[in-house]
Amino acid sequence: MAFIEIKNLTKRFDNNLVINNLSFKIDRGEKVAIKGESGKGKTTLLRMLTGIGQPDSGTINFGGKTLSNDSAKELRALIGYLPQGIDLLIDNGNQLCNLLEIDPESIFNHLEALGLNKNKLTQPLSELSGGEKQRLLTSIILGLKRPIVILDEPTSALDSNSIQKLIKLIWGIPNLTVISTTHNRTWEQQCDKIIDL
Ligand SMILES: Nc1ncnc2c1ncn2[C@@H]1O[C@H](COP(=O)(O)OP(=O)(O)OP(=O)(O)O)[C@@H](O)[C@H]1O
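Residue numbering for the sequence shown is 1 to 197, as defined by my numbering.
Set out below in structure tokens:
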């Protein structure tokens, strides 16, 4: 049985059919890139995978358990999710660590791997560059140490050197299953599977 199985997933907003009968499987430890032009439904798909968005039909299974209102809390505990725009809701990295009950010291190694000074944790996010913010937030989400991470455009603000560092960090975590949206070729080429919407 696949670790994650998406079957016949369909989602529409009024007359806009965004996800049409989509099926795919993901094995434990696989790295999956979701690609597609703007507006094709990448974020909509990620939100359904986290249980935040509801499909109109179809099923999402994690380890044989179907995602539903009843199982959402338990299954969400398997996932670290980095949505776009989370930086607008918090003041600094330490605050996000507190909210997620992560010891900031436990992510110092991630920050170092991504070339960030640990004082970036206390600096207001509004003072950080786009790429610094993105590396910091990704470091924190990885600090949740969940078996699955779902990353919405983790490379959008990064230069190629930073992307290489992020790939080295993420690919170096044993058995981590990664589902991400991306427009970046290098990231995509590293992935085991590409879902093209
Ligand atoms: N809550 C909503 N209500 C109505 N329409 C929505 C809603 N959320 C998304 N959509 C529509 O669904 C489509 C897909 O949006 P989505 O954000 O998933 O695209 P995307 O592929 O992630 O795009 P981008 O690359 O620009 O981030 C768009 O046409 C969008 O307008």
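All residues carry an ideal CB built from backbone N, CA and C; glycine is no exception.
Secondary structure at Gly64: coil, using DSSP grouped into helix, strand and coil. Between Thr50 and Ile79, the CB-CB gap stays under 8 Å. Relative to ligand 1, Lys35 has its C-beta separated by 7 Å or more from all heavy atoms. Boundaries around Phe108 are those of the alpha helix (DSSP H), 108–113, since no beta strand (DSSP E) includes it. A distance below 8 Å separates the beta carbons of Pro147 and Asn175. In its chain, beyond the 5 residues on either side, Val18, Asp56 have a beta carbon closer than 7 Å to the beta carbon of Arg12. Residue burial is scored here from C-beta neighbours: Asp152 has at least 16 other C-beta atoms within 10 angstroms and is therefore classed as buried. One residue list follows from the rule of a beta carbon closer than 6 Å to any heavy atom of ligand 1, given in chain order as Phe13, Asn16, Val18, Gly36, Ser38, Gly39, Lys40, Gly41, Lys42, Thr43, Thr44. Under the three-state reduction of DSSP output, Ile52 falls in the coil class, being neither helix nor strand. Asn69 is not a Cβ neighbour of Ile4, given a cutoff of 8 Å. In the displayed model, Pro174 falls within coil according to three-state DSSP, outside both helix and strand. Exposure of Ile52 is indicated by the presence of fewer than 16 other C-beta atoms within 10 angstroms of its C-beta.
Non-local C-beta neighbours of Lys35 in its own chain, meaning closer than 8 Å and more than five positions away in sequence, comprise Lys42, Thr181, Thr182, His183, Glu188, Ile194, Ile195, Asp196, Leu197, ordered along the chain. Going by beta carbons, Thr155 and Leu82 fall outside the 8 Å limit. For Ala72, the enclosing alpha helix (DSSP H) stretches over residues 72–76.
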